Amino acid sequence: MGFKHRQKLVVIGHSVRLVNGSTPWEGRVEVRYGDTWGTVCDDGFGVQEGAAVCKSLRFDSNDVKVVHAAAFGEGNGPVLLDEVRCTRGETDLLECRHLPIGLGDCTHTEDVGVICSQKRPIRLVNGSSASEGRVEVYRQGSWGTVCDEDFDDRDAVVVCRMMGFIQKDETVEVQVRSGASYGQGKGHIFYANLECRGTESDLVHCSHKVYDKHTCLHDRDVGVKCVTKQEPGELIGK
1 MGFKHRQKLV
11 VIGHSVRLVN
21 GSTPWEGRVE
31 VRYGDTWGTV
41 CDDGFGVQEG
51 AAVCKSLRFD
61 SNDVKVVHAA
71 AFGEGNGPVL
81 LDEVRCTRGE
91 TDLLECRHLP
101 IGLGDCTHTE
111 DVGVICSQKR
121 PIRLVNGSSA
131 SEGRVEVYRQ
141 GSWGTVCDED
151 FDDRDAVVVC
161 RMMGFIQKDE
171 TVEVQVRSGA
181 SYGQGKGHIF
191 YANLECRGTE
201 SDLVHCSHKV
211 YDKHTCLHDR
221 DVGVKCVTKQ
231 EPGELIGK
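Using the UniProt record's numbering, count along the sequence shown one by one with no gaps and you end on 238.
Below is the structure:
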């Protein structure tokens, strides 16, 4: 098939999302056209196309896996994209070539899924987008939460930097959500009384106290929202 048409989706807000994954960085690929969400056909969809999805969601794209045949379940609505072709340069799936929107010959049995690399020892859970949620860190082989005691904007900046929302000297607005605003987590509470300067690359470099179960429980799990200029794709769990 030829690629005389090089369309780019006209999007409002979030333009790409991963659906039905067991983690935020995997799932069925869906894109938004106007007010309609639809799926992407797996015809010719390979690692380069998967990398573009992961980059647009600000996940690691160095070890991407593409799964075919509706491995994350069949979507609803139209199959919007077919015969997607990316080079190594795109940072967004919507910059890649594809057939005219909605004119492919795929059904939902061919909905493609992507599993992005996840090498960051941090994640934001239960948010409505990739840029917000309950802060969880990976230590000692398991995920745990962070106490909201003394947690302020400088600590949140470090979280957003670890998540990839702050590049080099870029500034970003942050919001701290205390009192388990994104729900209570499970497992250990790894950090309490964090005191970051805001310039650190990782929370491990910030001063903090040893967690005291008598002063901090999961009803004080802290959340963070990284307010970016362009919101990354929406993430929806099962």
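Just so you know, even glycine gets a beta-carbon here, dropped at the ideal spot from N, CA and C.
If you're wondering where the values come from, they're calculated on a predicted model, not measured in any experiment.
Item to complete: Measure the alpha-carbon distance for threonine 199 versus alanine 180 and round it to whole angstroms.
Response: When rounded, the distance between both Cα atoms is 25 angstroms.
Worksheet item: Distance, Cα to Cα, glycine 77 vs leucine 124?
Response: Their Cα atoms are separated by approximately 28 angstroms.
Worksheet item: Would DSSP call arginine 161 helix, strand or coil?
Response: Here arginine 161 sits in helix by DSSP.
Practice prompt. Report whether the distance from the Cβ of phenylalanine 190 to the nearest heavy atom of the ligand ZN is below 7 angstroms.
Written response: This structure lacks the ligand ZN; in fact it carries no ligand of any kind.
Item to complete: Can you grab the Cα-Cα spacing for the pair glycine 75 / leucine 94, in whole Å?
Response: Looking at the two C-alpha atoms, the distance is approximately 19 angstroms.
Worksheet item: With 16 other CB atoms within 10 Å as the buried threshold, where does asparagine 20 fall?
Response: That one is buried.
Worksheet item: Rounded to whole angstroms, how far is the Cβ of valine 176 from the Cβ of aspartate 152, which I believe are closer than 8 angstroms?
Response: Going by Cβ atoms, the distance from valine 176 to aspartate 152 rounds to 6 angstroms, so yes, they are a contact pair.
Worksheet item: What is the DSSP secondary structure of serine 204, reduced to helix, strand or coil?
Response: According to the sequence displayed, residue 204 carries valine and not serine. Annotated three-state conformation of valine 204 is helix, per DSSP.
Item to complete: Work out the CA separation of glycine 127 and lysine 225 for me, nearest whole Å.
Response: One Cα belongs to lysine 225, the other to glycine 127, and the distance between them is close to 8 angstroms.
Item to complete: If I'm right that glutamate 49 touches threonine 39 with Cβ under 8 angstroms, what's the distance once you round it to whole angstroms?
Response: Actually they do not touch by this definition, with Cβ atoms about 14 angstroms apart.
Worksheet entry | Residue nearest to arginine 161 in terms of C-alpha spacing, selected from Gly44, Gly27 and Val227 | The option with the nearest alpha carbon to arginine 161 is Val227.
Worksheet item: Does the separation of the CB atoms of phenylalanine 59 and arginine 28 fall below 8 angstroms?
Response: Not a contact, by the Cβ cut-off of 8 angstroms.
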